[in-house]
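K.L.:
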Amino acid sequence: MANGCPESNECMQVDGYRSGHTIGVFETVVVSDATWAVWEIVFAIGDFTFTAFFVLDVLVRITILRCKFWKVPMNYIDVAVSGTSLLEIVLFYVTSANLAVNPILFRLLRIGKLARAIRMITMNSVLASLHLLIRCLAASTNILFWTFCLIAFFQCVSGMVANTLCRDFINDESQSLQVREDVFRYYGTFSRTFLSMFELLFANWSPPCRVLVENISEWFSVYFLLYRCVLGYAVLNVVSAVFVQQTMKTASSDEELAFKQKERDIAMYTRKVRRLFQTMDVSGDGVLNYEEFSKLVKSPMLKFWMSQLELEYHDLMSLFEFLDNGDGEITLMEFIEGAARLRGGAKALDIWRIETK
Numbered sequence: 357m358a359n360g361c362p363e364s365n366e367c368m369q370v371d372g373y374r375s376g377h378t379i380g381v382f383e384t385v386v387v388s389d390a391t392w393a394v395w396e397i398v399f400a401i402g403d404f405t406f407t408a409f410f411v412l413d414v415l416v417r418i419t420i421l422r423c424k425f426w427k428v429p430m431n432y433i434d435v436a437v438s439g440t441s442l443l444e445i446v447l448f449y450v451t452s453a454n455l456a457v458n459p460i461l462f463r464l465l466r467i468g469k470l471a472r473a474i475r476m477i478t479m480n481s482v483l484a485s486l487h488l489l490i491r492c493l494a495a496s497t498n499i500l501f502w503t504f505c506l507i508a509f510f511q512c513v514s515g516m517v518a519n520t521l522c523r524d525f526i527n528d529e530s531q532s533l534q535v536r537e538d539v540f541r542y543y544g545t546f547s548r549t550f551l552s553m554f555e556l557l558f559a560n561w562s563p564p565c566r567v568l569v570e571n572i573s574e575w576f577s578v579y580f581l582l583y584r585c586v587l588g589y590a591v592l593n594v595v596s597a598v599f600v601q602q603t604m605k606t607a608s609s610d611e612e613l614a615f616k617q618k619e620r621d622i623a624m625y626t627r628k629v630r631r632l633f634q635t636m637d638v639s640g641d642g643v644l645n646y647e648e649f650s651k652l653v654k655s656p657m658l659k660f661w662m663s664q665l666e667l668e669y670h671d672l673m674s675l676f677e678f679l680d681n682g683d684g685e686i687t688l689m690e691f692i693e694g695a696a697r698l699r700g701g702a703k704a705l706d707i708w709r710i711e712t713k
C-alpha cells in the first residue's frame, strides 16, 4: 500500500490537476513544473527502493523454501508483483527515452503492485475482520450472480413497460421538443431505460420519475411507487437477509476464524486471571499463600470477580489445595492452569474432591 498509494497520487492526482488546467477547470497551475520535478525524483527513489525490497524478499524465500515456495498459491502474487515492478523499472526508467510505450501501460503496472496487499489479508491477525469479509464475499458469489439476474429481470420488464408508455409521447410532434428530449434522455432507448430503472432503484430516483409525472401523466407516480415498494423494499430486503444468513454461515463454519477467535478468548481470559492473581498477591512475591488466598471470602469484589471468570467454589480450602501443587503456595502459572481446569459447567473441583476422599 505504501508503494501503490503514492503511485496512484502521481498518476491520477497530479495528472488530473494538469488536465484540469488544460481544459480550463483550474485557472492557475496547481502543481508547478519545479514542484513536479521534485516529486518525480521522490517517486523514482520510491520505485527503486520498493522494487529492490520486493525482489529481495522473493529471492530469499525461494532460496530458503525451494520447492515449498511454489506450493503456496499466494506466493505467486509476490512473484507477479516483483516481476511487474522490474518490468516497470526497465520500461519507464531505462528504455522510455528510446522506446515509445503507451503511458497507460505504466499505470496498469503500478496498479498491479496493490495486489500484494491481498496477501497481507491472510497473514496479519489485525486484518481478521477484513479476512472474514473477503471469505463471505467469495462464499456469496453464487448468490450475488443470481441476485443480479433477478434484479436485472425486473429492471428489464419494468423498463420495457415504461419505454412502451413513453414511445407515443416521444414521437408526438405536437408536444414541446424540449420536453420530448427530456423524456428521451431517460426512456428513449432500451439502454437508456435500463439505466434509468437502475437509477430509480439505487440512486437519485426523483429526476427519472418527475420527468414523466410532470410532462406525461401523474399516473406514473403510482407505477413508480409500486416499482419502488416491490423492488426497493421487498426484493432488496429479502436479498439482504440472504446475504446476512450466508455471512453468518460462513463465519460459523470457518475453522481458521474460529481457531483465531478461540485463541483471542483464551488470551483475554488469561489476562483477567493474571489481574486477579496480582490483586490477591499483596506481598508482590509472585506466589499466593493461604492467608492471601483467604481474601476471596472477605472481599465481595474478589468473589464477584471469581464468579465472572466462572471460578465458582464452595470450600475455600479445597479450592486452594486444588490449585496448589503441594508446596503450600500457588504460583501464577499454577493459578492460570488451575483456573482453566476449574472453568466450566461440570466442575473439576467437585470431581477432584470425590477422587481424593
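In my numbering, the protein residues as written are 357 to 713.
Don't be surprised by glycine CBs; every beta carbon is placed ideally from N, CA and C.
Do residue 385 and residue 722 come within 8 Å of each other at the CB atom, strictly closer than that value?
P.N.:
Residue 722 lies beyond the stretch modelled for the chain, which goes from 357 to 713, so this question has no answer here.
K.L.:
Residue 643 and residue 677 - do their beta-carbons sit closer together than 8 Å?
P.N.:
In the sequence shown, counting from the first residue as 1, residue 677 sits at position 321. In the sequence shown, counting from the first residue as 1, residue 643 sits at position 287. Contact: no.
K.L.:
For residue 691, which of 634, 639, 657 has the nearest alpha-carbon?
P.N.:
Here residue 691 corresponds to residue number 335 of the sequence shown, with the count starting at 1. Of the candidates 634, 639, 657, the one whose C-alpha sits nearest the C-alpha of residue 691 is 634.
K.L.:
Sorted by chain position, which residues of the same chain lie with C-beta nearer than 6 Å to residue 577's C-beta, five sequence neighbours on each side aside?
P.N.:
Residue mapping note: residue 577 aligns to position 221 of the sequence shown, counting from 1. Closer than 6 Å at the Cβ level, and outside the excluded window around residue 577, lie 569.
K.L.:
Given this structure, state the Cα-to-Cα distance separating residue 641 from residue 688, to the nearest angstrom.
P.N.:
One-based indexing of the sequence shown puts residue 641 at position 285. One-based indexing of the sequence shown puts residue 688 at position 332. Cα to Cα, residue 641 sits roughly 10 Å from residue 688.
K.L.:
Could you have a look at residue 643 and say whether DSSP puts it in helix, strand or coil?
P.N.:
The residue labelled residue 643 in the question sits at position 287 within the sequence shown. If DSSP states are grouped into helix, strand and coil, residue 643 belongs with the strands.
K.L.:
Can you name the residues that DSSP bridges to residue 686?
P.N.:
Numbered from its first residue, the sequence shown carries residue 686 at position 330. Paired residues: 644.
K.L.:
Could I get the ranges of all uninterrupted alpha helix (DSSP H) runs contained in the stretch 528 to 610, with 4 residues as the minimum, in chain order?
P.N.:
Correct list: 533 to 543, 546 to 558, 562 to 571, 576 to 583, 592 to 609.
K.L.:
Quick one, are the C-beta atoms of residue 490 and residue 525 less than 8 Å apart?
P.N.:
Along the sequence shown, read from residue 1 onward, the residue named residue 490 stands at position 134. Along the sequence shown, read from residue 1 onward, the residue named residue 525 stands at position 169. Their beta carbons are not under 8 Å apart, which means residue 490 does not touch residue 525 by this criterion.
K.L.:
For the pair the stretch 533 to 552 and the stretch 575 to 589, tell me if three or more CB-CB distances fall below 8 Å.
P.N.:
The stretch 533 to 552 is not in contact with the stretch 575 to 589.
K.L.:
Assign residue 407 to one of two classes, buried (16 or more other C-beta atoms within 10 Å of its C-beta) or exposed (fewer than that).
P.N.:
Here residue 407 refers to the residue found at position 51 when the sequence shown is read from its first residue. Residue 407 is buried by the Cβ-count criterion.
K.L.:
Taking the continuous alpha helix (DSSP H) assigned at residue 417, which residues delimit it?
P.N.:
Your numbering for residue 417 matches position 61 in the sequence shown. From DSSP, the alpha helix (DSSP H) with residue 417 extends over 389 to 421.
K.L.:
Can you tell me which of the three DSSP states residue 383 falls into?
P.N.:
The residue you call residue 383 lines up with position 27 of the sequence shown. DSSP places residue 383 in coil when its eight states are reduced to three.
K.L.:
Please state if the CB of residue 543 and the CB of residue 512 are separated by a distance shorter than 8 Å.
P.N.:
Along the sequence shown, one-based indexing puts residue 512 at 156. Along the sequence shown, one-based indexing puts residue 543 at 187. Taking 8 Å as the Cβ cut-off, residue 512 and residue 543 do not qualify as a contacting pair.
K.L.:
Hey, residue 598 and residue 507: beta-carbon distance below 8 Å or not?
P.N.:
Start at 1 with the first residue of the sequence shown, and residue 598 comes out as number 242. Start at 1 with the first residue of the sequence shown, and residue 507 comes out as number 151. Not a contact, by the Cβ cut-off of 8 Å.
K.L.:
Give me the Cβ distance between residue 410 and residue 441, rounded to the nearest whole Å; I'm assuming they're in contact under 8 Å.
P.N.:
If you number the sequence shown from 1, residue 410 lands on position 54. If you number the sequence shown from 1, residue 441 lands on position 85. Indeed they touch by this definition, with Cβ atoms about 5 Å apart.
K.L.:
Counting only the same chain and skipping the five closest in sequence on each side, list residues whose C-beta sits under 7 Å from that of residue 713.
P.N.:
Here residue 713 corresponds to residue number 357 of the sequence shown, with the count starting at 1. The pLDDT assigned to residue 713 is 48, lower than 50, so where the model puts this residue is not dependable; a value taken from the coordinates is nonetheless given after this. If we look at residue 713 and ignore the five residues flanking it on each side, it has no Cβ neighbours.
K.L.:
Find out if the Cβ-Cβ distance for the pair residue 663, residue 583 is shorter than 8 Å.
P.N.:
Taking the sequence shown and counting its residues from 1, one reaches residue 663 at position 307. Taking the sequence shown and counting its residues from 1, one reaches residue 583 at position 227. Their beta carbons are not under 8 Å apart, which means residue 663 does not touch residue 583 by this criterion.
K.L.:
In three-state terms, what does DSSP make of residue 434?
P.N.:
Along the sequence shown, one-based indexing puts residue 434 at 78. Note: residue 434 maps to helix in three-state DSSP.
K.L.:
Can the beta-carbon of residue 574 be found less than 8 Å from the beta-carbon of residue 564?
P.N.:
The count along the sequence shown starts at 1 and reaches residue 574 at position 218. The count along the sequence shown starts at 1 and reaches residue 564 at position 208. No; because the gap between Cβ atoms is not below 8 Å, this pair is not in contact.
K.L.:
Considering only the beta carbon of each residue, do residue 445 and residue 403 sit closer than 8 Å?
P.N.:
Position 89 of the sequence shown holds residue 445. Position 47 of the sequence shown holds residue 403. For residue 445 and residue 403, yes; Cβs fall inside 8 Å.
K.L.:
Measuring alpha carbon to alpha carbon, tell me which of 546, 537, 502 ends up nearest residue 517.
P.N.:
Position 161 of the sequence shown, counted from the first residue, corresponds to residue 517. That would be 546, whose Cα lies nearest to the Cα of residue 517.
K.L.:
With H, G and I counted as helix, E and B as strand and the rest as coil, what does DSSP make of residue 681?
P.N.:
By one-based count along the sequence shown, residue 681 stands at place 325. Three-state DSSP puts residue 681 in coil, outside helix and strand.
K.L.:
Does DSSP classify residue 375 as helix, strand or coil?
P.N.:
Here residue 375 refers to the residue found at position 19 of the sequence shown. Residue 375: helix per DSSP, three-state reduction.
K.L.:
Put residue 446 into one of helix, strand or coil per three-state DSSP.
P.N.:
Here the question's residue 446 lines up with position 90 in the sequence shown. Correct three-state label for residue 446: helix.
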